[in-house]
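Those protein sequence lines, which keep their order, are chains A and B.
The C-terminal residue of the first sequence carries number 292 in numbering that gives the first Met the number 0, and the numbering is unbroken.
The C-terminal residue of the second sequence carries number 429 in numbering that gives the first Met the number 0, and the numbering is unbroken.
Ideal Cβ placement from N, Cα and C applies to all residues, glycine included.
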Amino acid sequence: MHSFWIILIGSFVAISCGLLGCFLILRKMAMVGDAISHAVLPGIVIAFIISESRDSFMMLIGAVSIGIFTTFLIEFLHRKGKLQTDASIGVTFTWLFAIGVILVSYTREAHIDEECVLFGEITYVSTDLWITDAGTNLGPRFVYITGVTLLLNLLFIIFGYKELKATTFDAAFAGIMGISATLWHYLLMGFVSMTTVASFESVGAILVIALLIAPPATAYLLTTNLKRMLILTSIIGVIVAVTGYYLAVLVNGSIAGAMSTMAGVLFALAFLFSPQEGILIKKRKIEQKTVNA
Amino acid sequence: MSDFATFFSFSDPNIRYVVFGSILLTASSAIVGSFTFLKKKALVGDAVAHSILPGVCLAFLLSGTKNPIYLIMGAFATGWLSLVFVDIISSKSKIKEDTAIGLVLSVFFGVGILLLTFIQSSNNANQSGLDDFLFGQAAYLVGQDLIVFSVVALVLLAAVWLFFKEFTLIAFDEAYARALGFPVRMLELILTSLTVLAVVTGIQAVGAVLMAAILITPAAAARFWTNNIVKMLFLAAIFGAFSGLGGAYISFTAPSMPTGPWIVVVVSSIAFFSFFFAPRKGIFHRIWLQKTNRSKILDENILKAFYQIGETLRDFMEPKTTDEILEKRFFKKHELLSGLRRLRRQGFVERKRNDAWQLTLAGKHKGQRVVKLHRLWELYLTKYLRIAPDHVHEDAETIEHILTPELEAQLERLLNYPTIDPHQSEIPYR
């Protein structure tokens, strides 16, 4: 049962992150996702200081507001201050993360240590159970948290598909159709922040980034169709969760680390052997062409 | 206050190590970071900072010791490899550079975590302390670290000094550098290696996540104060050094406070101050500039409207109501009123009755000049660029506020002091 729960949670997180990640990398905003997943730390700690509890809902609000603030600040410095985007991302998220670390050391009793934020505690999820007052065991708490997150993300992408697609590929056209690019931009960032905070306790920030970027990048090399890319990303996410878990068992190491590693391995395979984009395949095609000629 | 005195007397060797270690580190990283910033590759520092973890772990696994020389070599190897990967992925596939950076960063870090936990679970006796590489231990710097930092800082400074001209060139115009026959790839390799070196040493003080800030934030802040690269490097180094000192001081007065994050908070505060308040490039200055420009254009348009009404009435000095002006040209009512009040303060119009405004002589001349520039430019466009007369108005609307007296004289001479514009209106001369 232990391994089943971990793989299930891993897959939930992988699919949630992957779906959002597709839009991030298509919008050339992969590093904004990275920035948000670091910047939610102060949001979580401030929510803890204000509410004096580890109430998931408060943390969610804290993280989502900080996530949206991060996006806003990055854009603001870029547009109004004419600071180049990469620097504006770098300055913003390191500043927020540093504040987060300072706040953590200020509230020792928060029991949020940076290691936990970075690596997660997926190993212990099956001991953190949701047991009703009647004493019925409903399974690990994180299954519900990550499951609800996945459900919300699915609803967001299914109902907002047209709008997300239009604003991603042609913002001017979206504007003509009456879709506000700004609104959907911030909605997407809000969902990224929500997913990050819902996932970080179980899998850690680093795996969140790996899952936001690596499976979509892999799928991007395999197809040029957005719907297929989303489906492929989900499948790759599940494969990453399953193989990552067994790799971790094999070497007796961190599950989050092993899942990131597997995400990298799958990307490397696609990079080398993808039918359209793989560099070895491309090389072969060129060689064949020269032979034929 | 006694804290302050103890700290700044530097009599305690521990304080000395922490302070000078932090300053050397932040200042030298800031100088190298300035070049990556100018090359618009600020986030590669972040990628390297995350990617050295697997190298550290591998070096430990292979050598079986915690000898810093091996660990640094391992760190250097994977940090460097990560940049090669970013380069290959973004150049050989359709994946963009930022995606490649995020991908490499998270996967390398994940592999590092896997190795680290593998080492920890294999129960190797002397493994503890490897994770210092992740979070940094600036408060526990010792004399030996100081020597390492000094050597690295010297190497970085010497390299920047030696290759200053070349680095500047590849930062601003790589293609030109290549055309001049500089070994661009070799130079980039050196710059990359310097970045990795700075990260590898710096990370032990501030940790992986915050290392990116030490590299880019001082450079980003310095860029707002100057356009001169030498001044920018000096400023970045000063900002870096000051934040190193500040971070060390804060964590000294409040011992539970971590040094690394405070260094970053200090340098970020400098950066945000620069972004907002720097003269010429700061956000507030830009906003102010936009506002003054907008009101200048508004004022000139109001005077122009006065003049044009005067032309049709053949009387420029007749007082006009706001409604009469609005009939001639569209303004937002409140903007028109605030513009009129500003013009009155400057002596271009006078207020005769409650809603009756009259041009002064200076105002008439100013309005006349705007009209003249507008018509001169229309004539210039039709005559020299062969644009149809019905297409030139919009362009002239913009340029009339920008043309300087020198350009005005040049246009007059070029067009041989014309009197009629393409729409058969008179070009007024004083």
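Do B/I324 and B/L375 have their CB atoms nearer than 9 Å?
No, they are not a contact pair.
With the cut-off set at 9 Å, would you say A/M258 and A/A13 are in Cβ contact?
Cβ distance < 9 Å, so A/M258 and A/A13 count as in contact.
Going by DSSP, what residue range makes up the alpha helix (DSSP H) through B/K280?
Segment: none, B/K280 is in no alpha helix (DSSP H) and carries neither H nor E.
Which of helix, strand or coil does DSSP assign to A/G277?
Looking at A/G277 - three-state DSSP - the assignment turns out to be coil, as it is neither helix nor strand.
So what's B/P417 in DSSP terms, helix, strand or just coil?
Correct three-state label for B/P417: coil.
Quick one, which of A/K164, A/Q83, A/I45 and A/G159 has its alpha-carbon nearest A/I24's?
Measuring from the Cα of A/I24, the nearest candidate turns out to be A/K164.
From the DSSP output, which residues share a beta bridge with B/L358?
Paired residue(s): B/V348.
Would you give the residue range spanned by the alpha helix (DSSP H) that A/S201 belongs to?
A/S201 -> alpha helix (DSSP H) spans A180 to V202.
Could you check where the alpha helix (DSSP H) with A/F272 kicks off and where it finishes?
Per DSSP, A/F272 belongs to the alpha helix (DSSP H) from I254 to F272.
If you compare alpha carbons, which of B/T397, B/H400 and B/E377 is closest to B/H422?
Comparing Cα positions, the closest option is B/E377.
Among B/A99, B/N292 and B/T321, which has the Cα closest to the Cα of B/V348?
Of the candidates B/A99, B/N292 and B/T321, the one whose C-alpha sits nearest the C-alpha of B/V348 is B/T321.
Does A/E51 come out as helix, strand or coil in the three-state DSSP assignment?
In the structure shown, A/E51 sits in coil (DSSP, three-state: anything other than H, G, I, E or B).
Counting only Cβ-Cβ distances shorter than 7 Å, please list the residues of the region 88-100 of chain A near chain B, keeping chain order.
Correct list: I88, G89, V90, T93, W94, F96, A97, I98 and V100.
Can you round the beta-carbon distance between A/L95 and A/V44 to whole angstroms, since I take them to be within the 8 Å contact cut?
Rounded, the Cβ-Cβ distance is 11 Å, inconsistent with contact.
Of the residues A/S273, A/G203, A/E51 and A/A173, which one's Cα is nearest the Cα of A/T217?
The option with the nearest alpha carbon to A/T217 is A/S273.
Show which residues of chain A have a CB atom less than 7 Å away from the CB atom of B/A355.
Near B/A355 there are no residues of chain A at all, since even the closest Cβ is about 41 Å away, more than 7 Å.
Does the beta carbon of A/E276 come closer than 9 Å to any beta carbon on chain B?
It does: the Cβ of A/E276 has a partner Cβ on chain B nearer than 9 Å.
Check the C-beta distance from A/A209 over to A/A262 and give it rounded, since I have them as a contact under 8 Å.
Going by Cβ atoms, the distance from A/A209 to A/A262 rounds to 5 Å, so yes, they are a contact pair.
Quick one, which of A/A86, A/A46, A/V202 and A/I67 has its alpha-carbon nearest A/I6's?
Considering only alpha carbons, the answer is A/V202.
Please report how far the alpha carbon of B/G109 lies from the alpha carbon of B/G101, in whole angstroms.
Taking the straight line joining both Cα atoms gives about 12 Å.
Between which two residues does the alpha helix (DSSP H) harbouring B/P318 extend?
Per DSSP, B/P318 belongs to no alpha helix (DSSP H) and is neither H nor E.
For a contact meaning CB atoms closer than 8 Å, what does A/F266 contact in chain B?
Neighbours of A/F266 on chain B, chain order: L102 and V106.
Please say whether B/A46 and B/F9 have beta carbons closer to each other than 9 Å?
No, the Cβ-Cβ distance between B/F9 and B/A46 is not below 9 Å.
Name the two residues that bound the continuous alpha helix (DSSP H) containing B/V229.
I228 to T252 is the span of the alpha helix (DSSP H), which, as asked, contains B/V229.
Name the DSSP beta bridge partners of B/E425, please?
For B/E425, which the question treats as bridged, DSSP gives the partners B/I419.
Say whether chain A places a C-beta atom closer than 9 Å to the C-beta of B/L114.
Yes - at least one Cβ of chain A is within 9 Å of the one on B/L114.
Can you tell me where the alpha helix (DSSP H) holding A/V250 begins and where it ends?
Run containing A/V250: L225 to V250, per the alpha helix (DSSP H) assignment.
Can you tell which of B/A74, B/V31 and B/G243 has its C-alpha closest to the C-alpha of B/F162?
For B/F162, the nearest C-alpha among the options comes from B/V31.
Assign B/L360 to one of two classes, buried (16 or more other C-beta atoms within 10 Å of its C-beta) or exposed (fewer than that).
Result: exposed.
The alpha helix (DSSP H) spanning B/H49 covers which residue range?
V43 to S62 is the extent of the alpha helix (DSSP H) around B/H49.
Does the CB of A/A209 have a neighbour CB from chain B at under 9 Å?
Judged by the 9 Å Cβ criterion, A/A209 is in contact with chain B.
Could you give the first and the last residue of the continuous alpha helix (DSSP H) run that contains B/E399?
Careful: B/E399 lies outside any alpha helix (DSSP H) and carries neither H nor E.
Curious, which full-length alpha helix (DSSP H) runs of at least 4 residues does the region 67-119 of chain B contain?
Within the region 67-119 of chain B, the complete alpha helix (DSSP H) runs of at least 4 residues are 67-91.
Exposed or buried, what is A/Q287 when buried is set at 16 or more other beta-carbons lying within 10 Å of its beta-carbon?
Exposed, by the Cβ-count rule.
When burial is assigned at 16 or more other CB atoms within 10 Å of the CB, is A/Y245 buried or exposed?
Per the 10 Å Cβ criterion, exposed.
Rounded to whole angstroms, what is the Cα-Cα separation between A/L229 and B/L196?
Approximately 39 Å, taken between the alpha carbons.
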